[in-house]
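Asker: Pasting a structure here, questions to come.
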Amino acid sequence: MIKEVTIGIMKNRSIWFWSVLFVLVWAVIGSFVASRGVAVGSEKYYISAWYSIEAVISAGSSGTGIAYITFFSSSSLAYLFRFSRLRPVRYELIFFSGYLVTSMATLSTVTAANIFLFSLRFGHLTLPNPYIIPAIIVTGAFFYVFSVMVALVVNNHFSLKNASFTSFVPLFLAFISAYLPLYISISRWVAVLYPFLGIEYLLSYSFTGAINLSLVAYGSPSVSPAAIYASVVCWMAILFIADVFLLRRIRPRSAEEMRQL
3 MIKEVTIGIM
13 KNRSIWFWSV
23 LFVLVWAVIG
33 SFVASRGVAV
43 GSEKYYISAW
53 YSIEAVISAG
63 SSGTGIAYIT
73 FFSSSSLAYL
83 FRFSRLRPVR
93 YELIFFSGYL
103 VTSMATLSTV
113 TAANIFLFSL
123 RFGHLTLPNP
133 YIIPAIIVTG
143 AFFYVFSVMV
153 ALVVNNHFSL
163 KNASFTSFVP
173 LFLAFISAYL
183 PLYISISRWV
193 AVLYPFLGIE
203 YLLSYSFTGA
213 INLSLVAYGS
223 PSVSPAAIYA
233 SVVCWMAILF
243 IADVFLLRRI
253 RPRSAEEMRQ
263 L
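Residues 3 to 263 (the working numbering) are what the sequence shown spells out, left to right.
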């Protein structure tokens, strides 16, 4: 079943459009427009800042797609959990695995595109370190459990009139969080405890080898990547449990209500 779910999500054109093609517009702007005046020797810091912003926005875009999928699946899931052997924990694990593969594919595409575009701009390759792999995995996993939680809270407790707006909550938070380190001073506690920022710092770390709390002031106060990883994994575990709890109480919706989506 994991194979079928993975293929189904991988074939979702909307996820690929918003999480890859949409984000590539930002990559082009970052490579050839906003990069004017970058000091020689500071290219990797500039690249790490742009890449981490793009990757967070990409994951947020995918999260919006997952939220919509959850809304449209709500009625069928309610009956499957009641009349079949499928259980919420198994469903969550299957779709979590399927989405994780898709997320790794989309974020890897964004990573490769950034490496290519910035190499054209600066005339040399700036490659990430091996920590890019766990950073990509954690990014995809967190946005999945968060997006499912948002969709289930709305489906179970609110009118579906709110669905279209709330589906974009992952993307809104991704946009806001991605740009915060550019404009305000971030404390160590916020960097560790706020997962959206923590993920951005982990992605940036894969290019610079250090986590600077400001993406534009190199040499600014730093924080341990291990602390951020521990925090994000704890958030993922909490949200995963919340997803399963909400799935057990999932509310079926009528065809008339589903028209509001």
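Heads up, the beta-carbon is just placed ideally off N, CA and C, and yes, glycines get one too. What you are looking at is a predicted structure, and each value in this text was computed from that prediction instead of being measured.
Can you tell me whether N158 is helix, strand or coil according to DSSP?
Answerer: Working through the sequence shown from its first residue, we reach residue 158 at position 156. It is helical.
Asker: Is the CB-CB distance between Y133 and P227 below 9 angstroms?
Answerer: Here residue 133 corresponds to residue number 131 of the sequence shown, with the count starting at 1. Here residue 227 corresponds to residue number 225 of the sequence shown, with the count starting at 1. Taking 9 angstroms as the Cβ cut-off, Y133 and P227 qualify as a contacting pair.
Asker: Measure the alpha-carbon distance for S105 versus W20 and round it to whole angstroms.
Answerer: In the sequence shown, residue 105 corresponds to position 103, counting from 1. In the sequence shown, residue 20 corresponds to position 18, counting from 1. Cα to Cα, the separation comes out at about 12 angstroms.
Asker: Check whether the region 134-153 touches the region 89-102, taking contact to mean three or more Cβ pairs, one atom from each stretch, closer than 8 angstroms.
Answerer: Yes: the two stretches touch, three or more of their Cβ pairs being nearer than 8 angstroms.
Asker: In or out: R255 buried (at least 16 other Cβ within 10 Å) or exposed?
Answerer: Within the sequence shown, numbered from 1, the residue matching residue 255 stands at position 253. By the 10 Å Cβ count, R255 comes out buried.
Asker: Just the C-alpha distance for L1 and T141, rounded to the nearest angstrom, thanks.
Answerer: As displayed, the chain neither begins before 3 nor continues past 263, which places residue 1 out of reach and without an answer.
Asker: Confirm, please, whether the CB-CB distance from P197 to G2 is below 9 angstroms.
Answerer: This structure cannot settle anything about residue 2, because the visible part of the chain is limited to 3 through 263.
Asker: Could you give the uninterrupted runs of the alpha helix (DSSP H) lying entirely in the region 120-203, keeping only those of 4 residues or more?
Answerer: With a minimum length of 4 residues, the continuous alpha helix (DSSP H) runs that stay inside the region 120-203 are 134-159, 165-168, 171-185, 190-195.
Asker: Since L195 and S233 should fall inside the 8 angstroms C-beta cutoff, what is the C-beta to C-beta distance between them, to a whole number of angstroms?
Answerer: Against the sequence shown, residue 195 aligns to sequence position 193. Against the sequence shown, residue 233 aligns to sequence position 231. Sure, about 6 angstroms apart at Cβ, within 8 angstroms.
Asker: Verify whether the separation of the beta carbon atoms of L248 and Y231 is less than 9 angstroms.
Answerer: Reading the sequence shown from its first residue, position 246 is the one you call residue 248. Reading the sequence shown from its first residue, position 229 is the one you call residue 231. Their beta carbons are not under 9 angstroms apart, which means L248 does not touch Y231 by this criterion.
Asker: Taking its Cβ as the centre, do 16 or more other Cβ atoms sit within 10 Å of M151, making it buried, or is it exposed?
Answerer: Locating residue 151 in the sequence shown gives position 149, counting from the first residue. When all chains shown are included, M151 counts as buried.
Asker: Run through DSSP, which three-state label would S224 get?
Answerer: Indexing the sequence shown from 1 puts residue 224 at position 222. In this structure, S224 counts as strand in the three-state DSSP scheme.
Asker: Enumerate in chain order the residues of its own chain whose CB-to-CB distance from N14 is below 7 angstroms, with the five nearest sequence positions on each side excluded.
Answerer: The residue given as residue 14 occupies position 12 in the sequence shown. Hits under 7 angstroms: G67.
Asker: With three or more C-beta pairs closer than 8 angstroms as the rule, is the region 81-94 touching the region 30-42?
Answerer: Verdict: no, contact absent.
Asker: Measure the alpha-carbon distance for M238 versus S60 and round it to whole angstroms.
Answerer: Counting from one through the sequence shown, the residue named residue 238 turns up at place 236. Counting from one through the sequence shown, the residue named residue 60 turns up at place 58. Spanning the two alpha carbons is a distance of roughly 18 angstroms.
Asker: Looking only at its own chain, which residues have a Cβ that is under 8 angstroms from the Cβ of L110, when we skip the five neighbours before and after it?
Answerer: Residue numbering aside, residue 110 sits at position 108 when the sequence shown is read from its first letter. The amino acid occupying residue 110 in the given sequence is Ser; Leu does not appear at that position. Cβ within range, chain order: I138.
Asker: In three-state terms, what does DSSP make of N116?
Answerer: Your numbering for residue 116 matches position 114 in the sequence shown. It is helical.
Asker: With the cut-off set at 9 angstroms, would you say L215 and I178 are in Cβ contact?
Answerer: Numbered from 1 along the sequence shown, position 213 holds the residue referred to as residue 215. Numbered from 1 along the sequence shown, position 176 holds the residue referred to as residue 178. The answer is no: Cβ separation not under 9 angstroms.
Asker: S149 and G200 look like a contact to me (Cβ under 8 angstroms); what is the Cβ gap, rounded to whole Å?
Answerer: By 1-based counting over the sequence shown, the position of residue 149 is 147. By 1-based counting over the sequence shown, the position of residue 200 is 198. In fact, because the Cβ distance is near 17 angstroms, the residues do not count as touching under 8 angstroms.
Asker: Can you give me the C-alpha to C-alpha distance between T128 and L217, rounded to a whole angstrom?
Answerer: In the sequence shown, residue 128 corresponds to position 126, counting from 1. In the sequence shown, residue 217 corresponds to position 215, counting from 1. Cα-Cα distance, rounded: 17 angstroms.
Asker: Among S208, I240, I252, which one has its Cα closest to the Cα of Y48?
Answerer: In the sequence shown, counting from the first residue as 1, residue 48 sits at position 46. Cα-wise, what sits closest to Y48 is S208.
Asker: Given this structure, state the Cα-to-Cα distance separating S54 from L88, to the nearest angstrom.
Answerer: As a working note, residue 54 is residue 52 in the sequence shown. As a working note, residue 88 is residue 86 in the sequence shown. Approximately 37 angstroms between the Cα atoms of the pair.
Asker: Would you check if the distance between the CB atom of V192 and the CB atom of A115 is smaller than 9 angstroms?
Answerer: Residue numbering aside, residue 192 sits at position 190 when the sequence shown is read from its first letter. Residue numbering aside, residue 115 sits at position 113 when the sequence shown is read from its first letter. No, they are not a contact pair.
Asker: Extract the residue ranges of the alpha helix (DSSP H) inside the region 37-102, only unbroken runs of 4 or more that lie entirely within it.
Answerer: Whole alpha helix (DSSP H) segments, 4+ residues: 45-85.
Asker: L182 and T72: beta carbons closer than 9 angstroms?
Answerer: Along the sequence shown, read from residue 1 onward, the residue named residue 182 stands at position 180. Along the sequence shown, read from residue 1 onward, the residue named residue 72 stands at position 70. Cβ atoms of L182 and T72: not closer than 9 angstroms.
Asker: With 16 other CB atoms within 10 Å as the buried threshold, where does Y185 fall?
Answerer: Taking the first residue of the sequence shown as 1, we reach residue 185 at position 183. By the 10 Å Cβ count, Y185 comes out exposed.
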